[in-house]
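> Pasting a structure here, questions to come.
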Amino acid sequence: KQWYQRRVRGMDFEDKAGIVKSKTEWGTWYQSIDDVTIEVVVPTSTKGKDVSVKIFPSSVSCSVFKETKFSEKLFASIVTDESTWTIEEEDGSRFIRIFLVKCIKTPQNCWKSLFEASCSADLMTLDTMQKRFLQERYQRENPGFDFSGAEVTGQYQDGGPQFNFQ
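Just so we're on the same page, the numbering used here is the position in the sequence shown counted from 1, plus 29.
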């Protein structure tokens, strides 16, 4: 449901700020505060019957033409009932898009890797992801402003500074 709502409503933070993708041997993955998206490049002849995607609270697997692309434990837990997958085409390429909804939806929950044992974001990509999380956090806290193009410096790791007003 959440995936569908994001696709239909059009212009959201990611559309304005851009997506920060981490490359893998089979495609890419990227994230927002709420979700993680995996894109697996497949041959243009691939149909739904050729694909097997299994989504569990702490792991995910993907096979194409009975060849396993990955079957691993995720970096953190997800909500399986709200997660899904599709086969899509874009710019002449075909890919499986696996949409995973995070259990913990906070700016501090920037996944450093897709899986516990592999697919870590390189340092530059992770740094950019953390900056995007802070921009997204500020956008949510201040909906009348546009932080998508804001320059981020200072403390932005782990969701940025935590304010404690008493």
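Yeah, the Cβ is synthetic: ideal placement off N, Cα and C, and Gly gets one too.
#1: Give me the Cα-Cα distance between residue 21 and residue 97, rounded to the nearest whole angstrom.
#2: Figure out for me which residue from 163, 77, 143 and 175 has the closest Cα to the Cα of residue 117.
#3: Does the distance from the CB of residue 74 to the CB of residue 83 come in under 9 angstroms?
#4: Using a Cβ-Cβ cutoff of less than 7 angstroms, which residues in the same chain neighbour residue 218 once the five nearest sequence positions on both sides are dropped?
#5: By a C-beta neighbour count over all protein chains shown, 10 Å radius and 16 as the cutoff for buried, is residue 56 buried or exposed?
#6: Suppose the cutoff is 6 angstroms on Cβ atoms and the five residues either side in sequence are ignored; what does the same chain contact list for residue 67 look like?
#7: Note down the Cα distance separating residue 79 from residue 71, rounded to an integer number of angstroms.
Result, derived from the coordinates:
#1: There is simply no residue 21 to check, as the chain begins at 30 and stops at 195 in what is shown.
#2: For the residues 163, 77, 143 and 175, the minimum Cα distance to residue 117 belongs to 77.
#3: One thing to note: residue 74 has its Cβ no nearer than 9 angstroms to the Cβ of residue 83.
#4: No statement about residue 218 is possible, as the shown extent of the chain runs from 30 to 195 and does not include it.
#5: Counting of Cβ neighbours within 10 angstroms places residue 56 among the buried residues, the total reaching 16 or more.
#6: Counting only Cβ-Cβ distances below 6 angstroms, and skipping sequence neighbours, we find 58 and 127.
#7: Distance from the CA atom of residue 79 to the CA atom of residue 71, rounded to whole angstroms, is 10 angstroms.
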